[in-house]
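Counting from 1, one number per residue, gives the positions in the sequence shown under full-length UniProt numbering. Backbone N, C-alpha and C fix where the C-beta goes; we use that ideal spot for every residue, glycine too.
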Amino acid sequence: MTCLVRSSEVKGRYGTYRPALTKIISPTEIKPFPNVAKYDLLNIYIGSFDELSDLIQFLSSQRDMALVRGRAIIEGPNQFRRLRARAGESATIEPVAEGLRWVMFDIDKYPLPPFLEDTDQILDILTDELPEPFRDASYVYQWSSKAFLDGKFDFASGHLFFWLARPRTCEDLHRRTLQGDWSDGVIDPAPFVPNQLHYTAAPVFKEGAADPLTIHRTGVRIGMFEEVELDPWVPPVRPPCSGTGCSPNNLSAMIAAIGEDGHIHAAARNAAYAYIRTTPTLLRDEAVFVDQVLQRVAAAGRADDYDGAYVQRMMDTAKEKLT
1 MTCLVRSSEV KGRYGTYRPA LTKIISPTEI KPFPNVAKYD LLNIYIGSFD
51 ELSDLIQFLS SQRDMALVRG RAIIEGPNQF RRLRARAGES ATIEPVAEGL
101 RWVMFDIDKY PLPPFLEDTD QILDILTDEL PEPFRDASYV YQWSSKAFLD
151 GKFDFASGHL FFWLARPRTC EDLHRRTLQG DWSDGVIDPA PFVPNQLHYT
201 AAPVFKEGAA DPLTIHRTGV RIGMFEEVEL DPWVPPVRPP CSGTGCSPNN
251 LSAMIAAIGE DGHIHAAARN AAYAYIRTTP TLLRDEAVFV DQVLQRVAAA
301 GRADDYDGAY VQRMMDTAKE KLT
């Protein structure tokens, strides 16, 4: 079971209404997600990839609904989305002890190569950055509310929903994303908190604002298989280590790997994250790092495809996520 949430009715100037759980976009402003206090909670069962796909596509048109990975302790209207008891009030959401078979990856502000505006190719890039078991699987995608507004394709943000062969708990996925083999910064760990909202409604465009994605904002891509076989994550036991040569993020080796076997984007991104992660702020010389990356790009014969602004965007994104 997982919990479907709906914003509870509130009284307004012209009667009762349910606050929208999405962004309102006009030519002059983007209204953020509203500060909703209470929700109607309903536990639902999702039994297959097809059911997951149908649900997400349905929810994309329901502006007052969303999902959480947890389970409602007591179903019903006008409840806080509370994971722990507080101020004498009981918790309302609890983790699903046996785990769930659906998983949503939240990818935020992923820097894109220059001149790339084909959303199918962008999805290919995003899935190539996911853990290996997911790369050839079927999935449901949803672009974020602000994705590609005003024709800007510098970054990509969206949600990718997959179906697992076996259930996984929130705790397992959260720890794996924070500390384990998914901790490279691509996947946001927040959705693996049991009461964290998964916003699923398409944004509302008003006053002549144009949706750059129209019917392509939510969709399904069919892969080689529907169920992802995912090995459990076991925290590694690292041997004692001293000196930079045995660092798990050997920056020099990562920079040297740029261009090997034609791999530019993923290798450059990994190096940028390692640079921000391992270099203290006062010791950073970002211009030197950019030049080192561009030298490797040029050596691979791709100097016309990637520039310094592209590398800088990667570093800026890494700083947002890691500092």
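Close-in-space but distant-in-sequence residues of the same chain around residue i (CB under 6 angstroms, 5 per side omitted)
i	result
residue 268	258 and 293
residue 300	259
CA nearest to the CA of residue i, picked from the options
i	options	result
residue 80	55, 151, 113 and 195	195
residue 223	322, 128, 40 and 88	128
residue 102	136, 90, 55 and 112	55
residue 39	28, 21 and 25	21
residue 44	113, 1 and 120	1
residue 158	132, 191 and 227	191
residue 320	276, 283, 296 and 311	276
residue 113	82, 155 and 130	155
residue 255	290, 91 and 183	290
residue 353	299, 14 and 28	The question about residue 353 has no answer here: the residues shown for the chain are numbered 1 through 323.
residue 266	186, 204, 285 and 178	186
residue 100	89, 68, 126 and 82	68
residue 92	110, 64, 42 and 126	42
residue 251	263, 271 and 260	271
residue 331	286, 283 and 298	The structure shown does not extend to residue 331, since the chain spans only 1 to 323, so no value can be given for it.
residue 263	5, 96, 90 and 125	125
residue 135	228, 111, 296 and 90	228
residue 95	217, 193 and 57	193
residue 131	173, 33 and 120	173
residue 26	295, 199 and 204	204
residue 316	287, 33 and 295	287
residue 197	34, 66 and 13	66
Beta-bridge pairing of residue i - partner residues as DSSP gives them
i	result
residue 170	Residue 170 is not bridged to any residue.
residue 7	39
residue 79	39
residue 111	155
residue 176	Beta-bridge pairing links residue 176 to no other residue.
residue 163	102 and 227
residue 31	24
residue 94	71
residue 139	221
residue 205	25
residue 65	6
Separation of residue j from residue i, as counted between CA atoms
i	j	result
residue 8	residue 36	8 angstroms
residue 309	residue 149	20 angstroms
residue 171	residue 84	15 angstroms
residue 219	residue 280	41 angstroms
residue 273	residue 318	5 angstroms
residue 161	residue 105	6 angstroms
residue 313	residue 302	18 angstroms
residue 151	residue 118	12 angstroms
residue 3	residue 137	25 angstroms
residue 123	residue 322	24 angstroms
residue 11	residue 17	7 angstroms
residue 285	residue 90	51 angstroms
residue 211	residue 188	25 angstroms
residue 179	residue 15	48 angstroms
residue 214	residue 143	11 angstroms
residue 216	residue 225	22 angstroms
residue 304	residue 30	35 angstroms
residue 58	residue 120	22 angstroms
residue 153	residue 50	31 angstroms
residue 108	residue 77	31 angstroms
residue 278	residue 183	14 angstroms
residue 23	residue 32	5 angstroms
Own chain residues within Cβ distance below 8 angstroms of residue i, not counting five before or after
i	result
residue 243	Residue confidence is low: residue 243 scores 42 on pLDDT, short of 50, so the model does not pin down where it sits. Its coordinate-derived value is still stated next. Nothing listed; no residue qualifies.
residue 97	169
residue 64	6, 7, 18, 19, 20, 21 and 201
residue 181	131 and 233
7 angstroms CB neighbourhood of residue i in its chain, flanking five on each side removed
i	result
residue 52	46, 102, 140, 161 and 163
residue 62	201
Discussion item. Would you call the region 163–170 in contact with the region 225–234, where contact means no fewer than 3 C-beta pairs closer than 8 angstroms?
Written reply: yes
Worksheet item: Can we say the region 61–75 touches the region 142–161, given the rule of at least three CB pairs closer than 8 angstroms?
Response: no
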